[in-house]
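To start, the structure itself, in structure tokens.
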Amino acid sequence: MAARRHSLSTSIAGWHGDERTVGSPLTDAEVVAMHRTRIFGATGTVLMAIGALGAGARPVMQDPTFGVRLLNLPSRIQTVSLTMTTTGAVMMALAWLMLGRFTLGKRKMTRSQLDRTLLLWALPLLIAPPMYSKDVYSYLAQSEISLQGADPYRVGPAPGLGLDHIFTASVPSLWRDTPAPYGPLFLWIGRGISAITGENVVEAVLFHRLVVLLGVGMIVWATPRLARRCGVAEVSALWLGPTNPLLFMHLVAGIHNEALMLGLMLAGTEFALRGIDAIGDATRARWYPVALLLAGTVLITLSSQVKLPSLLALGFVAMALAHRWGGTVKAFLLSGSALTAVAVAVMAVIGWASGLGFGWLFTLGTANVVRSWMSPPTLLALGTGQVGILLGLGDHTTAVLGLTRAIGVSLIAVIVTWLLLSVLRGRLHPVGGLGVALGATVLLFPVVQPWYLLWAIIPLAAWATRRGFRSAVIVVTLIVGIFGPTANGDRFALFQIVMATVASTAIVLALIALTYRWLPWRAVPVAAKGIYPDGPDDPDDADQTVDQQRGSRPPPPAAVSDAYAESP
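Numbering follows the UniProt record's numbering, with no gaps: position 160 of the sequence shown is 160.
Here is the structure:
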């Protein structure tokens, strides 16, 4: 075998773990560009973590940085801290865009390369204060209420714990009197965390971040498997979904329970679809598909006990099962009733074991007090109300809100029903139906938060391959992640936000100019043919060689995959 030609790029690749191996279809130049992109993004998350010491959602009491000279410095220069956080977020988002060059082309980076990138970007945020939201402090207060024997679905942090309690102090005033809108499984987990950490805010926050990591781990496990089922490249789905900047900003840094909800939902969907695929497989034991389908149903139901919208996945699994059984009315009734019975049983067990019952069903509308500009029905009502005020007709915003939100919920019901029937008839893949249904739910929901977008982005990343969808996700990610509300947990004056935005823009433009020849802002030139004498020159041959070296994987069973082969 001929010796590989050495160059500066091959040396650099070797210094960084010899990532240009026989198993990687990237050229040496692409590996170097990919590694530099990875470092650029990691630098951004480091800046975010440092800036969070001054611009993050730090606790009102038990702030570990208080009185520590170096760590307390960012809190004294909040405008600089906000500039660092914003600049870091932009750097990470730009690195994510450049990383797309190595996940959407003919030659793609390997799973291990992408997994290491995801881990590297997440590490600095794991020890940073919460960012972009103070919801985690509401989690602590509601869990403490449950631990003390009160009902978190009846009382909020202020009446349940008192205004002078250490957890209540960090809860935003808007939520101090509202009961918990989360499912009993999540509050049960939070109660366990409170029992372990006591009233130590820092330890409790870190434990909740571990729960987030568990959820992210399940997302990373399930997404490529669902993508393979839909005929989408694994790294392409992982790049658009789990590596999305919104996940780092709002799940890892923001510590939102969407991570656990999505992780359980996606893992459950994968297990359930595996069970449906295995029906009628003579090589499997008769109990095998039932066990997988049962496990998937339980996981999806558990996800709904964190946040209810994930229960939509169970509907699409039921329709896929009914389609597998022939798509008749009898199959529809049988699959729907069987999975519903399992789900109700799981909910009853969780409610009984946690002692929280079904009180969460009466607090699902708690978040509706927020008038979110990201919700089209709410935005339409707010705009109509302002027009009425300008015309001298009075302020009828509240009345219009009730109307537009009701119309939005009705449209969600119609769209979801149509999607379920499409899956039942074999016209739509259940993963795609789930993603579109969650997307419609997010867009038409009375309240939309930036991290809600991940409900739809991650499952759709495993199904949709059209350039228009990916472009839309990129645009939405940049607008919401970068140009959305800059002030997070703390309050900033308008001049601070303007100054931080201007400074961040100047810094990023300077970084682009300085790194223009070092980072893949443009497409990386393809190496000349024959640069790797011991490897294939044709990209298609390279992909085939990689598959042979990794061991060929059997195609997904025909039961579900072939049935939806003509889906878009």
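Beta carbons are placed, not taken as given, at the ideal position from N, Cα and C, and that holds for glycine. This structure is a prediction, so every number in the text was calculated from the model and none was measured.
On the CB-based measure, 16 or more other CB atoms within 10 Å of its CB, does residue i come out buried or exposed?
i    : result
K106 : exposed
S143 : buried
A406 : exposed
M319 : buried
W360 : buried
S410 : exposed
K330 : exposed
Q496 : buried
W463 : buried
L390 : exposed
D164 : exposed
F358 : exposed
F40  : buried
L494 : exposed
S335 : buried
S81  : buried
G385 : buried
I279 : buried
T328 : exposed
L187 : buried
T110 : buried
V205 : buried
R58  : buried
F332 : buried
Measure the Cβ-Cβ separation of residue i and residue j and say whether it is below 8 Å.
i           : j    : result
residue 574 : L238 : Absent from the structure is residue 574, since the part of the chain shown begins at 1 and ends at 568.
L260        : V211 : yes
P430        : L273 : yes
L266        : L302 : no
L460        : G426 : no
L314        : A343 : yes
F102        : M48  : no
G56         : G88  : no
G433        : S422 : yes
R191        : L147 : yes
A95         : T37  : yes
T168        : P152 : no
F362        : Q78  : no
S170        : V60  : yes
L185        : I350 : yes
H250        : P450 : yes
V416        : L312 : yes
I458        : I193 : no
T501        : T86  : yes
P181        : L364 : yes
A253        : M131 : yes
P74         : L53  : yes
L403        : A322 : no
E270        : A338 : no
P289        : G268 : no
V524        : A29  : yes
V232        : T465 : yes
L419        : A399 : no
Our contact map puts residue i next to residue j with C-beta atoms below 8 Å; I'd like the distance itself, whole angstroms only.
i    : j    : result
E234 : P224 : 4 Å
L246 : L454 : 6 Å
A93  : G481 : 6 Å
K134 : P159 : The Cβ separation is near 19 Å, so there is no contact.
I255 : V90  : I255 to V90, Cβ: 22 Å. No contact.
T397 : L382 : 6 Å
I166 : E199 : 5 Å
V473 : L118 : The pair is not a contact, with the Cβ atoms about 17 Å apart (cut-off 8 Å).
W521 : I512 : 7 Å
Is any heavy atom in the ligand SAH found nearer than 7 Å to the beta carbon of residue i?
i    : result
G183 : Looking at this structure, you won't find the ligand SAH or any other ligand, since it has none at all.
Closer than 8 Å is the cut-off here; do at least three beta carbon pairs connect the region 302-313 with the region 273-291?
Between the region 302-313 and the region 273-291 there are fewer than three inter-stretch CB-CB distances shorter than 8 Å, so the stretches are not counted as touching.
Count Cβ pairs between the region 126-145 and the region 160-178 that sit closer than 8 Å; are there 3 or more?
Because the criterion of three Cβ pairs below 8 Å is met, the region 126-145 and the region 160-178 touch.
How about the region 432-448 and the region 370-379: do they share at least three Cβ pairs that are nearer than 8 Å?
A contact exists between the region 432-448 and the region 370-379.
With contact counted as at least three CB pairs below 8 Å, one residue from each stretch, are the region 124-134 and the region 48-67 in contact?
The region 124-134 is in contact with the region 48-67.
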